[in-house]
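In full-length UniProt numbering, the protein residues as written are 1 to 180. Notes follow the structure.
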């Protein structure tokens with residue numbers, strides 16, 4: 001692996017780039033909280049939208065990218081949305097990132113993320129992983145649970161933006177609602 005090259009922002013200072021990876025299927029209020037806070041820590045935040053082979057996506061990568069792009073459009077800061085299908089550390093290096101931003105909701109998240117951070121450090125020790133604790137009111141939110149609630153006809157408005165809620169409800173209408 002090669003060193004992460006410095007980038008100048010025109011003032012002679014290096015640009016600090018962070019990558020926030022995820023499936024964002026769908027993007028939740030919890031994701032948005034981490035995006036808002038992560039964008040304050042770096043000069044540019046690259047949101048990497050990927051597909052996790054162990055998950056069954058409700059939306060295509062292109063649909064998820066469009067959702068995230070729309071949701072972050074009004075946020076301050078330099079935020080880009082990029083698709084990737086590679087090792088996270090290879091993606092981070094291609095984006096010239098020095099930081100991986102990860103959100104934590106609970107102890108169970110920490111155990112998994114701690115292991116991943118350790119493996120990523122072995123792959124490239126020049127890129128640091130930074131953990132942000134989710135806002136207390138948003139900690140229970142998980143995309144998987146949002147989809148499950150929607151598929152069984154539950155109300156997901158407390159977990160996603162109104163536009164995302166409409167898109168999830170419309171998708172459930174197509175794939176079919178479960179339960180009685």
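Here a beta-carbon is modelled for each residue, glycine too, at the ideal position from N, C-alpha and C. Just so it is clear, the structure is predicted and the values come from calculations on it, not from any experiment.
By DSSP, does residue 58 sit in helix, in strand, or in coil?
coil
Presumed contact (8 Å Cβ cut-off) between residue 49 and residue 64, rounded CB distance
5 Å
Limits of the alpha helix (DSSP H) - the one that residue 140 falls within:
First-last for residue 140: undefined, no H or E at that position.
Residue range of the alpha helix (DSSP H) that includes residue 34:
29-39
Excluding the 5 residues preceding and the 5 following residue 177 in the sequence, name in chain order all residues of the same chain whose CB lies nearer than 6 Å to its CB.
153
CA-to-CA distance, residue 44 to residue 128, given in whole angstroms
15 Å
Does DSSP classify residue 90 as helix, strand or coil?
helix
Is the segment 164-177 in contact with the segment 125-139, if contact means three or more CB pairs nearer than 8 Å?
no
If you reduce the DSSP assignment to three classes, tell me which class residue 264 lands in.
This structure does not reach residue 264, given that the chain is present from 1 up to 180, and the question cannot be answered.
Among 114, 34, 122 and 40, which residue has its Cα nearest to the Cα of residue 90?
122
Going by C-alpha to C-alpha distance, which of 103, 68 and 69 sits closest to residue 38?
103
Compare the C-alpha of residue 144 against each of 28, 19, 161 and 17 and name the closest.
28
Based on Cα-Cα distance, which residue from 160, 162, 31 and 15 lies nearest to residue 78?
15
Buried or exposed: which applies to residue 67, given that a residue is buried once 16 or more other Cβ atoms fall within 10 Å of its Cβ?
buried
Going by alpha carbons, who is nearest to residue 165 out of 146, 175, 84 and 174?
146
By alpha-carbon positions, which one of 95, 113 and 40 ends up nearest to residue 84?
95
Measure how close the beta-carbons of residue 98 and residue 17 come, nearest whole angstrom, since I'm counting them as under 8 Å.
6 Å
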